[in-house]
Amino acid sequence: MFFVDGHCDTITTIMRNKENIYRNNCHIDIERFKSFDSPIQVFSIWLEKGKLLNPFFYSMEAINFFKKEVLVNRNYISIAKSYCDLRENMENKKISGILGIEGCEAFGGDITNIYKFFDKGVRIFTITWNYENELGFGAVTKSTNGLKPFGKKAVKVINNLGGIIDVSHLNEKGFYDICEISEKPFIASHSNSQKMCGHLRNLTDTQIREISQRNGIIGINLYPYFLEDNGNADIKSVIKHIDHIINVGGENVLGFGCDFDGIDEVPDGIEDVSDVYKLFYEIKNYFGEKIAYKIIGKNFLSFFKNNLNC
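For the sequence shown, position 122 matches number 133 in the numbering used here, and the numbering has no gaps at all.
Right, dumping it as C-alpha cells:
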C-alpha cells in the first residue's frame, strides 16, 4: 500500500532518546515502513522550550542528525527535495523523507536563515507551534493578532524559494493573513475539524473551504484530544472527521498528518505507523476504494507534484 504522511516528530524524538531511524521504540521507523510501497513521510523538526535559546543551532543539529541516519540507511530511505526526487525514490522502492520545520522560531528572527534551511533541504515550514514567535501567534494563545511584519516577509520568501507554507498550529487571524499574502497553495499538515472536536488547534469549516479552494491539503491528526472533546477516540473518530471535511471541502483536500512521535496518546486501535492499514480499510469501507487511495496518499502526492518543483 502507498502511504503519504504530512507530519511526524520522529527526528527530534529519536535524537532526544538516543535511538535510530532503522529500529526504535517510537511510532515510526524503517522496519515498520517496509510494509508500505515507497512511502513518503514529512519529518519535521520541533524544538522543546529548553532549546529556544538558540533555535537555529538546534534545528540545524537535528537536520544533521537526520542526514547521518539517512546516510547509514541509504539503501532504504532518501531525502526528497522535489517531486522528481519523490519519483526517483519510488522507482527505487525507497522511503522518501521530506524535511519540515515545525515552528519558524527556528529562523531566530533572521530572514537569511530561511535560505539556509532551504539549502539544507527543508521544504515545509510550519509558521508557529503553540506559542507566539517572531512570525505570529499559535492557536492556543487565543490571540486575535495576525502575522507580524517578519512573518509576512517570511511567507513571501518561502513562496519565492518554492517552499510550502503549513498553517497547522497557527491562530485564525494569522491563517487569514496567509490567505491574503501567499501566492501559492498551502497546507494544514496535521489538523482536524473544529466542528467535530472543538479544540483550538482544529480548523473551522470556513478555513477548510479556504484550503480546499486554494488546492491545499489537510492532514488528519491522530491525537485523541483533536478527535474527541473528551479524548476517548478510536478509528471511528477519525472517520467522523474525514466525513465532515469531505462534505465541507471535497475529497481532494484530505490526507494524513498523523503527528506520530509528537503525540503521547493514540486512538484506540492504533499503536504506530504499521496500523495505518486499519485506517485505510475503514476509509475504504465507508467511502469506497477511490477515495481511500486519495486520502491515504494520492492527494498529497498530487499536491507535491504541483508544488515541489524539480
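The beta-carbon is built from N, C-alpha and C at its ideal position, and this holds for glycine as well.
Only a predicted model underlies this, so the values are computations on that prediction, with no experimental measurement involved.
Residue i - containing alpha helix (DSSP H), residue span
{"i": "GLY185", "result": "183 to 192"}
{"i": "ASP48", "result": "Per DSSP, ASP48 belongs to no alpha helix (DSSP H) and is neither H nor E."}
{"i": "CYS95", "result": "94 to 102"}
{"i": "LEU238", "result": "235 to 238"}
{"i": "SER223", "result": "216 to 224"}
{"i": "LEU265", "result": "LEU265 -> not in any alpha helix (DSSP H); beta strand (DSSP E) instead, spanning 265 to 267."}
{"i": "ILE294", "result": "287 to 298"}
{"i": "ILE125", "result": "123 to 130"}
{"i": "SER313", "result": "310 to 318"}
{"i": "PHE77", "result": "66 to 83"}
{"i": "VAL166", "result": "160 to 172"}
Rounded Cβ spacing between residue i and residue j (contact assumed at less than 8 Å)
{"i": "ASN310", "j": "ASN263", "result": "6 Å"}
{"i": "LYS51", "j": "VAL81", "result": "Looking at the sequence shown, residue 51 is not Lys but Ile. Between VAL81 and ILE51 the Cβ distance is about 14 Å, and since that is not below 8 Å, they are no contact."}
{"i": "HIS38", "j": "ASP275", "result": "About 10 Å; that fails the 8 Å criterion."}
{"i": "PRO196", "j": "ALA244", "result": "The Cβ separation is near 29 Å, so there is no contact."}
{"i": "SER46", "j": "SER285", "result": "6 Å"}
{"i": "LEU110", "j": "ILE138", "result": "Incorrect: roughly 16 Å between the Cβ atoms, too far for contact."}
{"i": "ILE322", "j": "ILE228", "result": "A question about residue 322 goes unanswered here, because the residues of the chain that appear run from 12 up to 321."}
{"i": "SER204", "j": "HIS252", "result": "5 Å"}
{"i": "ASP185", "j": "GLY209", "result": "It is Gly, not Asp, that sits at residue 185 in the sequence shown. No, GLY185 and GLY209 are not in contact; Cβ-Cβ is about 19 Å, not under 8 Å."}
{"i": "SER17", "j": "PHE267", "result": "A small correction: the amino acid at residue 17 is Gly; Ser does not occupy that position in the sequence shown. The pair is a contact, with the Cβ atoms about 7 Å apart (cut-off 8 Å)."}
{"i": "VAL168", "j": "ILE198", "result": "About 18 Å separates the two Cβ atoms, so there is no contact after all."}
Sub-9 Å separation of residue i and residue j beta-carbons
{"i": "ILE302", "j": "ILE256", "result": "no"}
{"i": "GLY108", "j": "PHE129", "result": "no"}
{"i": "TYR126", "j": "ASN320", "result": "no"}
{"i": "GLY3", "j": "SER200", "result": "Because residue 3 is not part of the residues shown, which for the chain are 12 to 321, the question remains open."}
{"i": "LYS216", "j": "GLU113", "result": "Rather than Lys, the amino acid found at residue 216 in this sequence is Asp. Contact flag unset, no."}
{"i": "CYS269", "j": "LEU233", "result": "yes"}
{"i": "PHE315", "j": "LEU63", "result": "no"}
{"i": "LEU214", "j": "ILE246", "result": "no"}
{"i": "LYS163", "j": "ILE192", "result": "yes"}
{"i": "VAL133", "j": "ASN141", "result": "no"}
{"i": "THR21", "j": "GLU59", "result": "no"}
{"i": "GLU145", "j": "GLY119", "result": "yes"}
{"i": "ILE135", "j": "VAL166", "result": "no"}
{"i": "LYS104", "j": "ASP48", "result": "yes"}
{"i": "GLY260", "j": "SER202", "result": "no"}
{"i": "PHE68", "j": "TYR304", "result": "no"}
{"i": "SER55", "j": "GLY273", "result": "yes"}
{"i": "TYR187", "j": "GLY149", "result": "no"}
{"i": "GLU194", "j": "ASN226", "result": "no"}
{"i": "ILE32", "j": "ILE88", "result": "yes"}
{"i": "CYS19", "j": "PHE271", "result": "yes"}
{"i": "GLU30", "j": "ASN36", "result": "yes"}
Endpoints, the beta strand (DSSP E) within which residue i is located
{"i": "VAL249", "result": "Run containing VAL249: none in the beta strand (DSSP E); it sits in the alpha helix (DSSP H), 246 to 260."}
{"i": "ILE41", "result": "No beta strand (DSSP E) contains ILE41, which is instead part of the alpha helix (DSSP H) from 41 to 44."}
Min CB distance residue i to chain C below 9 Å
{"i": "PRO66", "result": "Looking at the structure shown, chain C is missing, and only one protein chain is on hand."}
For residue i, the residue or residues it bridges with in DSSP
{"i": "THR137", "result": "GLU113, ASP177"}
{"i": "CYS19", "result": "PHE54, PHE271"}
{"i": "GLY108", "result": "GLN52, ILE90"}
{"i": "ASP279", "result": "ASP245"}
Residue i (DSSP reduced to helix, strand or coil)
{"i": "ALA91", "result": "coil"}
{"i": "SER200", "result": "coil"}
{"i": "ILE229", "result": "strand"}
{"i": "GLY149", "result": "strand"}
{"i": "MET26", "result": "helix"}
{"i": "ILE306", "result": "helix"}
{"i": "PHE118", "result": "helix"}
{"i": "LYS206", "result": "coil"}
{"i": "LYS301", "result": "helix"}
{"i": "LYS60", "result": "helix"}
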